[in-house]
Amino acid sequence: MIIGALHEKNNAEKRILLSLETVKKLSKENLTILIAKGYGSNSNISDQELIDSGATIETEENILKKSDIFLKISLEESDQIELLKNGANIVLNTFDKKNLEILKNLKSKNINIFSLDFLPRITRAQSMDILSSQANLAGYRSV
């Protein structure tokens, strides 16, 4: 299985979904990790550190075409999701479900989308509740 990740088009977004530790764990499970050049630069992680952890640098186009699971903080219309293969899965931090053009493209290619901001905010799902954890981090950062 191939997991692909691209950096965010929004320069203000510094987060990434694949940390060095996560890449190491996924690589140990014999998963292929494809990342774009400069993927971790906003988080002060070099390409070489990601390669040493088990990732492979690919072009954005190849990442989109090859990935079974595609990771992004958020989807933008400029992300060329039409290049994703049929039946691929996208895991996002946030998704604007009002963006009908992206939804239309996803549906036409039978692409599954999992957006973590849509997880229920209940006790059983608390370990995956990103809204609370991100709000907590924002509060600490603002102080």
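Quick note: the sequence shown uses this note's numbering, first residue 609, plus one each step. Ideal Cβ positions, reconstructed from N, Cα and C, are used throughout, including at glycine.
Beta-carbon contacts of residue i that lie in its chain and below 7 Å, excluding the five residues immediately before and after
{"i": "Leu622", "result": "As written in the sequence, residue 622 is Lys, which differs from the Leu given in the question. Excluding residues within five positions, the ones whose Cβ falls inside 7 Å are Asn650 and Ser651."}
{"i": "Asn718", "result": "Asn694 and Gly695"}
Between the CA atoms of residue j and residue i - distance to the nearest angstrom
{"i": "Leu672", "j": "Ile681", "result": "15 Å"}
{"i": "Leu658", "j": "Ile611", "result": "14 Å"}
{"i": "Glu616", "j": "Ile689", "result": "14 Å"}
{"i": "Glu666", "j": "Leu679", "result": "14 Å"}
Span of the alpha helix (DSSP H), counted from its first residue to its last, around residue i
{"i": "Glu709", "result": "Leu708 to Ser716"}
{"i": "Asn670", "result": "Glu668 to Lys674"}
{"i": "Leu679", "result": "Here Leu679 belongs to no alpha helix (DSSP H); instead the beta strand (DSSP E) covers Ile677 to Lys680."}
C-beta contact flag for residue i and residue j at 8 Å
{"i": "Leu634", "j": "Thr664", "result": "no"}
{"i": "Gly648", "j": "Ser654", "result": "yes"}
{"i": "Ile721", "j": "Met609", "result": "no"}
Terminal residues of the beta strand (DSSP E) in which residue i lies
{"i": "Ile721", "result": "Asn720 to Ser723"}
{"i": "Asn697", "result": "Asn697 to Leu700"}
Close Cβ partners of residue i (< 6 Å) along its chain, the five nearest in sequence each way excluded
{"i": "Asp704", "result": "none"}
{"i": "Glu684", "result": "Lys617"}
Same chain, Cβ closer than 8 Å to residue i, five either side skipped, listed in chain order
{"i": "Thr702", "result": "Ile681, Ser682, Ser723, Leu724 and Asp725"}
{"i": "Glu669", "result": "Gln688 and Leu691"}
Please go through the region 612–678 and give each complete beta strand (DSSP E) segment of 3 or more residues, from N-terminal end onward.
640–644 and 663–666
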